[in-house]
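Numbering (the numbering used here), first residue to last: 24 to 213.
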């Protein structure tokens with residue numbers, strides 16, 4: 024993540040957008056359950072909101088520096104910060120009641136790796152576990168924010184099929200023209 028993007032993701036403005044708009048839009052009336060996984064925690068502004076809604080949160084962040092800072096900042100709270108790649112989670116199958124994926128899929132380079140991350144999320148969710156998330160659509164402003172950064176936008180058209188292929192059922196994907204949200208349940212184990 025480039026420095027400008029990191030500043031935005033750690034800003035009070037981003038925290039307010041997530042708290043007041045994105046999380047309510049994505050979560051709706053659903054409950055997260057007792058053990059929540061967050062993918063791509065970054066500076067942890069979504070993590071802060073998840074820990075208020077679930078008794079246990081595991082925040083996965085690939086960047087060692089961001090993970091260490093988050094671990095320090097959230098010491099004493101019911102959050103475990105794991106430095107790991109979302110495409111190969113070092114977590115047991117069927118553990119989590121829900122998984123949150125907020126504006127991070129576009130940081131995974133390429134559709135194949137994005138799909139591998141979705142399959143990993145399905146693997147670590149309990150049968151019937153909730154996946155919820157949002158990502159930004161491909162816009163000139165978003166491309167400008169990601170200069171010298173990974174930006175592999177996810178097309179909401181066809182994303183429900185990608186979720187089904189990864190092992191999810193009942194996917195919902197909808198767009199407001201700038202961002203899209205998605206939610207699905209993990210399917211039964213083979």
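From the three backbone atoms N, C-alpha and C, an ideal C-beta is built for every residue, glycine too.
Note that the structure is predicted; figures quoted are calculated from it, not measured.
What is the DSSP secondary structure of residue 168, reduced to helix, strand or coil? helix
Just to confirm, is the Cβ distance from residue 105 to residue 113 under 8 Å? yes
Close Cβ partners of residue 94 (< 6 Å) along its chain, the five nearest in sequence each way excluded: 104
Quick check for students: name the residue ranges of the alpha helix (DSSP H) that lie wholly in the stretch 46 to 83, counting only runs of 4 or more. 46 to 50, 68 to 74
Can you tell which of 36, 54, 34 has the C-alpha that lies nearest to the C-alpha of residue 123? 54
Are the beta-carbon atoms belonging to residue 191 and residue 121 less than 8 Å from one another? no
CB-CB under 8 Å to residue 31, same chain, minus the five flanking residues each way: which ones, in chain order? 37, 168
Kindly confirm or deny that the stretch 155 to 175 and the stretch 49 to 67 touch, where touching means at least three C-beta pairs closer than 8 Å. yes
Between which two residues does the beta strand (DSSP E) holding residue 208 run? 202 to 209
Can you check DSSP and say which residues form a bridge with residue 123? 61, 155
For residue 57 and residue 77, which I take to be in contact (beta-carbon distance under 8 Å), what is that distance rounded to the nearest angstrom? 7 Å
Whole angstroms are fine: how far does the CA of residue 151 sit from the CA of residue 60? 14 Å
Should residue 71 go down as buried or exposed, given a rule of 16 or more other Cβ atoms within 10 Å for buried? buried
Apart from the five residues just before and just after residue 126, which ones in its own chain have a Cβ nearer than 7 Å to its Cβ? 157, 158, 159
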